[in-house]
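*Asks:*
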Ligand SMILES: [Mg+2]
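Residue numbers (my numbering): 2 to 394.
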């Protein structure tokens, strides 16, 4: 392994490569960073079996580096050691926060024996993300590491993503969103309850269900029963008052344009979810069906209840039907009944979520920070500008 550093200028790579070609040496791995006028470059070279090849290559490389005014260091490894060097267990950490919070996250990384291999920073969509490639070979307990940094990001109220570095990381294809308190900035059922004059009773039941304190199906039927007698005009009024979460429209327009399949899977109600599907041109919607008779709610839910298990089943079935591996599936949700589907997705995003989701999710996003999903998915502002201009006549 050869590392080279010094003042950068054109022609360095070419001069070094000429030297390697002359000695018939193959590059196994290479990396370079240049900042301002400073260069950092490394090669892993295969010197073959002959003992003296190494000596003459290194002699010539040292001479060339000296000529170019560069500092060169090298280390010899056996083939088995090289395999170990290359076979790293890598994670990617995206962080959205200030220096003080970055210092706190870095302290945990040091504490857990994580080695930071590269750091880069990107600014788009009015926010900056710091991306680190982490080597976790020496980490004793990955679950604990993940748990610690997710909890810390929550405590700091800074967004953070922690994903395994793999081929599909920036190549997601299917995204499912929860509806209430995720895609929309409200709990639709609370608005319905308000109209039915049962706001407090329903809010209490909703809160318990979101905490996972009792069976979702049971709680749903209790709440819907309280809505009995509401008319279609009430549903319409609530529908017209739906507030999308900040950044949702931009995000979905771009994702759509970029070819993602998008869906809603919600324990909320079909009447509202279908409306969002049309408004946002989504591909799928799965929701609970409110029974209406002569334009009045009967207080019953029709068909199979969409609860946590059903949400997870729908996500994996849809992925199956589209022949998309789960590694390429993203799920965004905020509640206890999103836990199962978040856990099985390639990327699970907890949006302004309660504590329990942090441990399952790869990404913890604060309120009104949908825009950060662009960074996590590796979508730049240029991608988005093109997407938005595409919509204009
Ligand atoms: Mg929700």
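Built from N, CA and C at the ideal position, the CB exists for glycine as well.
Keep in mind the model is a prediction, meaning the values are calculated, not measured.
(1) Output yes or no for whether 7 Å exceeds the beta carbon distance between residue 228 and residue 274.
(2) How many angstroms separate the CA atom of residue 382 from the CA atom of residue 354?
(3) Bridge partners for residue 361 per DSSP, in chain order?
(4) Could you check the C-alpha separation between residue 110 and residue 300 for me, to the nearest Å?
(5) From the beta carbon of residue 110, is the nearest beta carbon of chain D less than 7 Å away?
(6) Determine the extent of the beta strand (DSSP E) in which residue 371 is found, giving its start and end residues.
(7) What did DSSP end up calling residue 282 once you bin it into helix, strand or coil?
(8) So residue 327 packs on residue 347, CB below 8 Å; how close in whole Å?
(9) Does ligand 1 have a heavy atom nearer than 6 Å to the CB of residue 183?
(10) Could you check if residue 282 is buried or exposed, using at least 16 other CB atoms within 10 Å of its CB as the buried criterion?
(11) Quick one: grab the DSSP three-state call for residue 20.
(12) Taking 6 Å as the cut-off, is the CB of residue 344 close to at least one heavy atom of ligand 1?
(13) Would you identify the three-state DSSP class for residue 172, choosing helix, strand or coil?
(14) Please check the pair residue 90 and residue 4, which I expect to be a contact at CB under 8 Å, by giving their CB distance rounded to whole angstroms.
(15) What does DSSP give as the partner residue(s) for residue 33 in the beta ladder?
(16) Just checking my contact of residue 115 with residue 140 at CB under 8 Å: how many whole Å lie between their CB atoms?
(17) Excluding the five sequence neighbours on either side, which residues of its own chain have a C-beta within less than 7 Å of the C-beta of residue 263, listed in chain order?
(18) Are the stretch 358-371 and the stretch 148-157 touching by the rule of at least three beta carbon pairs closer than 8 Å?
(19) Anyone know if the C-beta pair for residue 367 and residue 160 falls short of 7 Å?
(20) If we count the other Cβ atoms within 10 Å of its Cβ and call it buried at 16 or more, is residue 270 buried or exposed?
(21) According to DSSP, what are the bridge partners of residue 351?
(22) Helix, strand or coil for residue 262, going by three-state DSSP, please let me know.
(23) Less than 6 Å separating the Cβ of residue 336 from some heavy atom of ligand 1?
(24) Buried or exposed, going by whether 16 or more other CB atoms sit within 10 Å of the CB of residue 339?
(25) Closest to residue 134 by CA distance: which of 349, 316, 331 and 165 is it?
(26) Among the residues of its own chain, which have a CB less than 7 Å from the CB of residue 222, if the five just before and after it don't count?
(27) If you measure between the beta carbons of residue 25 and residue 45, is that distance less than 7 Å?
(28) Using the C-alpha atoms, what's the distance from residue 372 back to residue 259?
*Replies:* Based on what the coordinates show:
(1) no
(2) 26 Å
(3) Bridge partners of residue 361: none, in fact.
(4) 52 Å
(5) No chain D is present in this structure, which holds just one protein chain.
(6) Residue 371 -> no beta strand (DSSP E), and no H or E assigned at all.
(7) coil
(8) 6 Å
(9) yes
(10) exposed
(11) helix
(12) no
(13) coil
(14) Going by Cβ atoms, the distance from residue 90 to residue 4 rounds to 22 Å, so no, they are not a contact pair.
(15) 42
(16) 6 Å
(17) 176, 253, 256, 257, 283 and 284
(18) yes
(19) yes
(20) buried
(21) 334 and 365
(22) strand
(23) yes
(24) buried
(25) 165
(26) 302
(27) no
(28) 16 Å
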